[in-house]
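This report concerns only the one structure given below.
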Amino acid sequence: MTTIMLIRVAQVKDIETLFDIRTSVTENYQSREEIAALGITPESLAEMLATDCRAWIAEHDRQPVGFAIANATAATIFGIFVRPAFEGKGIGRSLMQAAETWLWSQGIEEIWLLTGNDPTLRAYGFYQHLGWTLTEVIAEGDYAGEARFIKRRQQHDLAG
């Protein structure tokens, strides 16, 4: 039997699915309450999707298994999460490609993201493997201790 993976743009009706995937992860786990304390609620996510953000859902045999969300105004990858049972299958890479391609299509030349500043984290190595460059560790504020990665639009991307 052939396994089919699909990456599709998320809609407002998918918001609960996004939260379900987000709270399924083991690395960088946050509960619904912790996420809400950061101001990320179903209502704020709906507003984000209606304005300057886009999200993608990865489906494996029609089951939602991962998502990415990007913000064009901030030029950032806001989040990328894959259910633990589906890690290591190329889903994160496909989601990141969708998000990067969309951000480049918005005319953005440099994008960024934050992740935990721990080289043993899967995400840390994943971003480096995909060509992201560590630029700083945030020293103060709400994101103190987080690692900031950037990626610049490549010359070959300009033709696409």
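Following this note's numbering, the numbering of the sequence shown begins with 26 at its first residue and continues without gaps. Glycine included, C-beta positions come from ideal geometry on N, C-alpha and C. No experiment lies behind these values; they were computed from the predicted model shown.
Please list the terminal residues of the continuous alpha helix (DSSP H) segment that includes Ala164. Taking the sequence shown and counting its residues from 1, the one referred to as residue 164 is at position 139. In the DSSP annotation of this structure, Ala164 is not part of any alpha helix (DSSP H), being labelled neither H nor E.
Go ahead and label Leu31 buried or exposed: buried means 16 or more other beta carbons lie within 10 angstroms of its beta carbon, across all protein chains shown. Along the sequence shown, one-based indexing puts residue 31 at 6. Its Cβ having fewer than 16 others within 10 Å, Leu31 is exposed.
Assigned secondary structure, Trp157 (DSSP; H/G/I helix, E/B strand, else coil): Position 132 of the sequence shown, counting from 1, holds the residue named residue 157. Here Trp157 sits in coil by DSSP.
Run of the alpha helix (DSSP H) containing Gly117, from where it starts to where it stops: The residue given as residue 117 occupies position 92 in the sequence shown. Unbroken alpha helix (DSSP H) run through Gly117: Ile116 to Ser130.
Ignore the nearest five residues each way along the sequence and tell me which others in Leu146's own chain have a CB closer than 8 Å to its CB. Within the sequence shown, the letter at position 121 stands for residue 146. Sequence-distant Cβ neighbours of Leu146 in its own chain, meaning closer than 8 Å and more than five residues away, are Glu52, Asn53 and Thr140.
Going by C-alpha to C-alpha distance, which of Asp77, Ala172, Leu74 and Ala100 sits closest to Tyr153? In the sequence shown, counting from the first residue as 1, residue 153 sits at position 128. Note that residue 153 is Gln in the sequence shown, not Tyr. Nearest to Gln153 by C-alpha distance, out of Asp77, Ala172, Leu74 and Ala100, is Ala172.
Would a C-beta distance cut-off of 8 Å place Glu135 and Ile175 closer than the cut-off? Here residue 135 refers to the residue found at position 110 when the sequence shown is read from its first residue. Here residue 175 refers to the residue found at position 150 when the sequence shown is read from its first residue. Yes. Within cutoff.
With DSSP as the reference, identify every bridge partner of Asn96, one or two as the case may be. Along the sequence shown, read from residue 1 onward, the residue named residue 96 stands at position 71. Under DSSP, the beta-bridge partners assigned to Asn96 are Cys78 and Thr101.
Mind checking whether Ile60 and Val90 have CB atoms under 8 Å apart? Here residue 60 refers to the residue found at position 35 of the sequence shown. Here residue 90 refers to the residue found at position 65 of the sequence shown. Not in contact: Ile60 and Val90 (Cβ atoms no closer than 8 Å).
The alpha helix (DSSP H) that contains Glu58, what's its start and end? Position 33 of the sequence shown holds residue 58. Counted as a single uninterrupted DSSP element, the alpha helix (DSSP H) harbouring Glu58 occupies residues Arg57 to Ala62.
Please tell me whether Val37 and Leu63 are closer than 8 Å, where the distance is taken between their beta carbons. The residue given as residue 37 occupies position 12 in the sequence shown. The residue given as residue 63 occupies position 38 in the sequence shown. Cβ distance not < 8 Å, so Val37 and Leu63 don't count as in contact.
With DSSP as the reference, label Pro89 as helix, strand or coil. Position 64 of the sequence shown, counted from the start, is the residue given in the question as residue 89. Pro89 falls in the strand class under three-state DSSP.
So the alpha helix (DSSP H) Leu43 belongs to, where does it begin and stop? Start at 1 with the first residue of the sequence shown, and residue 43 comes out as number 18. Judged by DSSP secondary structure, Leu43 falls within the alpha helix (DSSP H) whose first and last residues are Ile40 to Arg47.
Within this structure, are the beta carbons of Ile82 and Ala35 separated by less than 8 Å? For the purposes of this step, residue 82 is identified with residue 57 of the sequence shown, where counting begins at 1. For the purposes of this step, residue 35 is identified with residue 10 of the sequence shown, where counting begins at 1. Taking 8 Å as the Cβ cut-off, Ile82 and Ala35 qualify as a contacting pair.
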